[in-house]
Each structure stands twice: as C-alpha cells, then as structure tokens.
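Q: Let me give you the structure first, and then I'll get to my questions.
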Amino acid sequence: MTVAPTTEVSRLLREEFDSVLDAWFATQKREGVRRPDLFSDRESRRQLSDLLRAFSDALSRIDITEAVDIDADNWSELRMALSEITLVRTERGVAPWEMTAFMLALKQPVFEMLSKNLADRTDRLLAEAADFGRVVDALAMHINEYFIAERDEIIERQRAEMMELSTPVVQLWERVLTIPLIGTLDSMRAQEVMENLLNSIVEHSAEVVIVDITGVRVVDTQVAQHLLRTAAAVRLMGAEAIISGISPKIAQTMVELGVDVGEVTTRPSIRAALAEAFRRVGFQISRIEDTRV
Amino acid sequence: MSGPPAQPAGRVELRQERDVAAARIAVSKAMDALGARALRKTRFVTAVSEIARNALDHGGGGVLEIYRLDRPRRIMIRCIDQGPGIADIDQAMTDGFSTARSMGKGLGGARRLVDAFRIESRVGAGTTIEMEANP
Amino acid sequence: MSEAASIYTVDKVLLVAIRDNITDTDIINLQEDLSERIVNEAARGVVIDIAALEIVDTFVGRILAQLSSISRLLAAETYIVGMRPAVAMTLVELGMDLPGSKTALSLSHALRALKAKGLA
Numbered sequence: 001m002t003v004a005p006t007t008e009v010s011r012l013l014r015e016e017f018d019s020v021l022d023a024w025f026a027t028q029k030r031e032g033v034r035r036p037d038l039f040s041d042r043e044s045r046r047q048l049s050d051l052l053r054a055f056s057d058a059l060s061r062i063d064i065t066e067a068v069d070i071d072a073d074n075w076s077e078l079r080m081a082l083s084e085i086t087l088v089r090t091e092r093g094v095a096p097w098e099m100t101a102f103m104l105a106l107k108q109p110v111f112e113m114l115s116k117n118l119a120d121r122t123d124r125l126l127a128e129a130a131d132f133g134r135v136v137d138a139l140a141m142h143i144n145e146y147f148i149a150e151r152d153e154i155i156e157r158q159r160a161e162m163m164e165l166s167t168p169v170v171q172l173w174e175r176v177l178t179i180p181l182i183g184t185l186d187s188m189r190a191q192e193v194m195e196n197l198l199n200s201i202v203e204h205s206a207e208v209v210i211v212d213i214t215g216v217r218v219v220d221t222q223v224a225q226h227l228l229r230t231a232a233a234v235r236l237m238g239a240e241a242i243i244s245g246i247s248p249k250i251a252q253t254m255v256e257l258g259v260d261v262g263e264v265t266t267r268p269s270i271r272a273a274l275a276e277a278f279r280r281v282g283f284q285i286s287r288i289e290d291t292r293v
Numbered sequence: 001m002s003g004p005p006a007q008p009a010g011r012v013e014l015r016q017e018r019d020v021a022a023a024r025i026a027v028s029k030a031m032d033a034l035g036a037r038a039l040r041k042t043r044f045v046t047a048v049s050e051i052a053r054n055a056l057d058h059g060g061g062g063v064l065e066i067y068r069l070d071r072p073r074r075i076m077i078r079c080i081d082q083g084p085g086i087a088d089i090d091q092a093m094t095d096g097f098s099t100a101r102s103m104g105k106g107l108g109g110a111r112r113l114v115d116a117f118r119i120e121s122r123v124g125a126g127t128t129i130e131m132e133a134n135p
Numbered sequence: 001m002s003e004a005a006s007i008y009t010v011d012k013v014l015l016v017a018i019r020d021n022i023t024d025t026d027i028i029n030l031q032e033d034l035s036e037r038i039v040n041e042a043a044r045g046v047v048i049d050i051a052a053l054e055i056v057d058t059f060v061g062r063i064l065a066q067l068s069s070i071s072r073l074l075a076a077e078t079y080i081v082g083m084r085p086a087v088a089m090t091l092v093e094l095g096m097d098l099p100g101s102k103t104a105l106s107l108s109h110a111l112r113a114l115k116a117k118g119l120a
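Chains as they are written, first to last, in our numbering: chain A, 1 to 293; chain B, 1 to 135; chain C, 1 to 120.
So this is what it looks like as structure tokens:
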C-alpha cells in the first residue's frame, strides 16, 4: 500500500481527530445544517466521526497534492461512508443543499487550524488549504451527483410506471384485445404502446386488437403515422388492428392532412369496433327474447 | 471520426456472405453481455446486418469492429470498407435508393434503428460507418 | 436442402421452418426448392414459420415477400407465421410491412385458415 507524504492536514486529521470533529460539528451547528430535529447529537456525532475516520484513512494513503479523482478505486471507502450517511440523512428528510453544506462545513475549521499551525509557512499553508479545499469540494460534488442519480432513477421508474398505467392492454373477449389510448402520443410512447400491444398479442393469442383513440387529444400527421405503423406491425404478427374512436372532426383533419389509412379498418366508436371484432373471430351478440311482457 | 474508446471487444472480417451472419451473432452476444432488452437488441443487430451486407455488396468486403462504451453504457460498432465509396451520401441514405440488390432501404433504415449514426465516405477510398445504441 | 431451412408436407400444405442465422445463399436456395415442391406436390397452401428468426433485415424481408409472391403465382396461398414482436416493430421501422403477404399468429392459425378455404 502506498503511503502519502505527511501533510499538516493529514496530521491534523490523525493526531487531532477529536478537535477537528468538535470544530466540524460546531460549524454545522452554526450554519444550521445539523438538523437536531431529525438526529440526536449522539447520532450526528457518530456519523461525522465515521466520515472523518474514512477521510483520515484516505489521506494517509492518497497523495492529494496530485490530481484527485474521487471516483477512483482508492477513494471507494470514503465514497461508501459518504453515500451511507447521505442515504441515512436524506431518508429522514435532510434536503440536498443541507447535505452539501454539511460536507462543506469541514473546510472552515480545518482552514483555521491550518493557518494557526502554519502561520510562519505561508507557501505551505496556501498549498495545503487549496488541496484540502479541492478534495472537500469534490466530496460535495459527489453528494450532488448522488442526488441527481437518485432523482433520475425515481423519474425513470415513475415514467415506466406511468407508461404502464397509461397503456393498459385489456382482453375484451377470447382473441380480442383493446388498448385505449389517452392523452398525447409522442414517438416514445407510441413505441411503448406498440411493444406492449404486440407482446399481449402473443400472450393472449389475440386475432383482433382494437386501438381506441377516443381519448387522444390531437391527431396530427405524426400521430396518424404512429397509428398506421402500429396497425402494420399488428398485421405482421398475424393479427388485425381496428382503429376506433375516430370522431368526425378527426376524420376531417386526417383527410385534410392527406393521411391515407390504406387497408386499415377504422370505426367511429369502440362499440362499432367491438361488433366488427366479434364478426371476425366468429361470435355474435343477440338479444335474449324478452319473456317478461 | 472520433477515435476508438478502447480495444475492440470483437472484430469480424466481412469477406463472404456467411460473415454477415457472423457479424450479427457477435453483436448479438455483445448486447446480451450488456443486458440489452429484446427490442433494442433486435433493432441494433438488424441495423448491423444492413451495413455489414452493404459493406460486402458495395464495398467489396471490409471489417466490423465492436466496442463497449462505459459512461454511458453503450455499444458501438464501426464498419470499414475500402470499396468505391459513396458519391452522394444523402442520396444513399434515402429510402428507395440502391445501386445493387438491397432494395434501397438498407442505410436509411439502419439509421432509423440506432441511437447514433455517423458515415464518412470518399470516392475511391471506401466508407466507414459508426453506429451506437443504448442497451 | 441446407440445414438452415426445412420443408415438410402436412395435409397437402408445405411447411417451411426457417432457422436462425440463415445465410443469403440458403434463403435463395430455399426459394428454388420451395417453388419446385409446390409444383411437384400440387400444394395449395404454404406456411413459412419464422419464429426462430431473431433478425429480419431488408434482405430477408424482401426474400419473404418474394416467397409469398412466387407461391401465389403457383396457386398456393402463403402465410408467414410466428413473427416476433421485436422483429415486427423493426420491419415496420424499416418501411417493410410486407403488404402482399398473408400473416398468421402461428402454424395452427394458418392451418385453420387454409382448412376453412378448403386448401388443406
């Protein structure tokens, strides 16, 4: 294992661990990012102590006068300690900015200690303060990235959930499926709809699928193209698509836009589409003779 | 074009039509290793099939290199031939244009199936195509 | 006949099973073999099963369309069956929706359709 050159910072964190810890804690208190409402002093101190210990260990191994890459392997233990505390604190409701300030609060007390201990060596003081500041900044950035990654994950998960919610494929009858489309149909959603629908065709051995666009707000050329492509893909799978819910207004718009639906079957309502679907799979709906008189 | 990110994770010589199938298999495996979804894999491998066949039919053969990119996790392929090159790339990318048997949906179709598409061609010097996809 | 595709006769219907990673030569050979079998056996129905195909590019797509057209000219109704969802989506994106070819979900769906028309 490599040993980093001894600096005043690494000496402070090793030999004056407790006073650095106290000072960090005090700074957080002063800056109002300690959140005593969420964590007892003992808990907060333990978190700080774990983090500072990992920091101290890292500094005894890594030469921070060189370029620092927080994402490199030799920082992994400190990164993990930081992620763990970030997770614990945010789960109880600490805001991202508070967490960043929580980390940055280590700078000031260490700078103060450095300027006292290196008062007669200005060159070294400036160099060490700069190096240490860079590392703390990098750790604060790491906290930010952690939040961004976590938010992205949440957004992606919600998007997937919404997508599933908004494109439910329903089996109406043996071999007949429907997918009621609601809202807007952009390219990404159109693709999800298509994928969802085609997989359901396989799953249910469906022969007819009704794509209902009653709830689609706008049908422009692009949306029409998506619908026609969906119908084409359904046909390639060996099933038939019926597009239903084409209002008189949408029919007019489509003609004005020059959209040619070709051989795709269309119906004004889902009711008319269902009747057509029954006819194709060989079912018939008939009224039971009224015997009540 | 941008330099390769690292050593290729795979390399397929395109000399005869059997090699087009070999290229598909190699890219398919690379995408499996990235944990790609079925649809994404099918789209990308189909695009690879198009450009590999294009290199064979129009470029007189070539080589296909497969790269795995981290950050973001992606697959990239580069297909190089030393054929006659394409004089009018825009025209070649248009559906319906073909100088040989591919029915002219190959290159334009391939571009629609991938997340990034770059083509560079010099008449008399050959064609290089790069394509990328998220897994 | 190569390993890449096999032709069976069931109830006077020719079943063509295409394996994955078929080469261009294989599929061109298949075209010849199939047309000869249709004529020799006076088959009125053909079912081409592509469930094994993970990839259908424009070349294979065009051959499939041609197989359908040739069979139809030889008076055999042809169904392409078993296309995977991802393949269907990709073909549509490529602008190849095989307008002249009949399709069915599976072999049994196609056979049922052929029987209904008295062709099997």
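C-beta: ideal position from N, C-alpha, C; glycine also.
Bear in mind the structure is a predicted one, so any value in this text is a computation, not a measurement.
Tell me which same chain residues have a C-beta within less than 6 Å of the C-beta of Leu257/A, skipping the five on either side of it?
A: Thr221
Q: Give me the DSSP bridge partner(s) of Ile155/A.
A: Partner(s): none; Ile155/A has no beta bridge.
Q: In three-state DSSP terms, what is Lys29/B?
A: helix
Q: Which first and last residues belong to the beta strand (DSSP E) in which Thr90/A is found?
A: Segment 76 to 91 is the alpha helix (DSSP H) holding Thr90/A; no beta strand (DSSP E) there.
Q: Helix or strand or just coil, what does DSSP make of Ala23/B?
A: helix
Q: Have a look at Met141/A and Thr100/A and give me their C-alpha separation to the nearest angstrom.
A: 8 Å
Q: Just how far apart, CA to CA, sit Glu31/A and Arg45/A?
A: 16 Å
Q: If you measure beta-carbon to beta-carbon, which residues of the region 25 to 42 of chain B are closer than 8 Å to chain C?
A: Ile25, Ser28, Ala38, Leu39, Lys41, Thr42
Q: Can you name the start and end residues of the alpha helix (DSSP H) that Glu41/C belongs to?
A: 24 to 41
Q: Does DSSP put Arg101/B in a helix, in a strand, or in coil?
A: Low per-residue confidence applies at Arg101/B: pLDDT is 44, beneath 50, and the placement is therefore not dependable, though the value from the model is reported in the following sentence. Three-state DSSP puts Arg101/B in coil, outside helix and strand.
Q: For Lys41/B, count neighbouring Cβ atoms within 10 angstroms of its own Cβ and tell me buried if that reaches 16, exposed if not.
A: Counting Cβ neighbours within 10 Å, Lys41/B comes out buried, since at least 16 surround it.
Q: Of all the residues that make up the region 41 to 55 of chain B, which are near chain C by a beta-carbon distance shorter than 7 Å?
A: Within the region 41 to 55 of chain B, the residues whose Cβ lies closer than 7 Å to some Cβ of chain C are Thr42, Arg43, Val45, Thr46, Ser49, Glu50, Arg53, listed in chain order.
Q: Does Met194/A get closer than 7 Å to chain C when you measure Cβ to Cβ?
A: Contact of Met194/A with chain C is assigned, a C-beta pair being separated by under 7 Å.
Q: Could you please tell me which residues of the region 97 to 109 of chain C, in chain order, have their CB closer than 7 Å to any CB of chain A?
A: Asp97, Leu98, Thr103, Ala104, Leu105, His109
Q: Check the Cβ-Cβ distances between Ile55/C and every residue of chain B, and say whether any is below 7 Å.
A: yes
Q: In whole angstroms, what separates the C-alpha of Arg229/A from that of Val10/C?
A: A straight line joining the alpha-carbon of Arg229/A with that of Val10/C spans about 34 Å.
Q: Let's test the definition: count the other Cβ atoms within 10 Å of the Cβ of Arg44/C and tell me whether it reaches 16, buried, or not, exposed.
A: buried
Q: For Ala7/B, is the classification buried or exposed, using 16 other Cβ atoms within 10 angstroms of its Cβ as the cut-off for buried?
A: Sequence check: residue 7/B is Gln here, not Ala. Exposed, by the Cβ-count rule.
Q: Leaving aside the five residues before and after Val298/A along the sequence, list all residues of the same chain whose C-beta is less than 6 Å from its C-beta, in chain order.
A: Because chain A is modelled from 1 through 293, residue 298/A falls outside the range shown and cannot be assessed.
Q: In chain order, what residues of the same chain lie with their CB nearer than 6 Å to the CB of Gly60/B, ignoring the 5 residues before and after it?
A: Excluding residues within five positions, the ones whose Cβ falls inside 6 Å are Gly83.
Q: Shortest alpha-carbon distance to Ser121/B belongs to which of Asp90/B, Glu132/B, Arg112/B?
A: Asp90/B
Q: Short of 6 Å in beta carbon distance, which residues of its chain neighbour Arg112/C, apart from the five on each side in sequence? Order them along the chain.
A: none
Q: Using a cut-off of 9 Å between C-beta atoms, extract the partners of Leu113/B located in chain C.
A: Thr90, Glu93, Leu94
Q: Any idea which residues DSSP pairs Ala72/A with across the strands?
A: Answer is none; Ala72/A lacks a bridge partner.
Q: With a CB to CB cut of under 8 Å and the five nearest residues on each side skipped, what residues in its chain are close to Val60/C?
A: Ile22, Ile27, Leu53
Q: Write down the C-beta distance between Ile66/B and Gly10/B rounded to the nearest angstrom, noting that I regard them as a contact closer than 8 Å.
A: 4 Å
Q: Apart from the five residues on each side of it in sequence, which residues of its chain come closer than 6 Å, Cβ to Cβ, to Met76/B?
A: Tyr67, Leu69, Glu132
Q: Could you spell out where the alpha helix (DSSP H) holding Ile119/B opens and where it closes?
A: Ile119/B -> not in any alpha helix (DSSP H); beta strand (DSSP E) instead, spanning 116 to 122.
Q: If you run the structure through DSSP and keep just helix, strand and coil, what is Val209/A?
A: strand
Q: Enumerated in chain order, which unbroken segments of the beta strand (DSSP E) with a length of 3 residues or greater are wholly contained in the region 88 to 119 of chain C?
A: Annotation note: the region 88 to 119 of chain C contains the following uninterrupted beta strand (DSSP E) runs of length 3 or greater, listed N- to C-terminal: 102 to 104.
Q: Which residues in chain A sit within 9 Å of Ile81/C, going by Cβ to Cβ distance?
A: For the sequence presented, residue 81/C should be read as Val rather than Ile. Per Cβ cutoff of 9 Å: Gly238.
Q: For Ser314/A, which residues in chain C fall below 9 Å Cβ to Cβ?
A: Residue 314/A is absent from the model: chain A starts at 1 and stops at 293.
Q: CB-CB under 8 Å to Ala100/B, same chain, minus the five flanking residues each way: which ones, in chain order?
A: Residue placement at Ala100/B is poorly supported in this model, since its pLDDT is 45, which falls under 50; the coordinates are not used for a value here.
Q: Tell me, please, which residues DSSP counts as bridged to Trp299/A.
A: In the structure as shown, chain A begins at 1 and stops at 293. Residue 299/A is therefore absent and cannot be evaluated.
Q: Name, please, each residue of chain C whose Cβ falls closer than 7 Å to the Cβ of Glu17/B.
A: Ordered by position in chain C, the residues that pass the 7 Å Cβ test against Glu17/B are Thr23, Asp24, Thr25.
Q: Please check if any C-beta of chain C sits within less than 7 Å of the C-beta of Leu198/A.
A: yes
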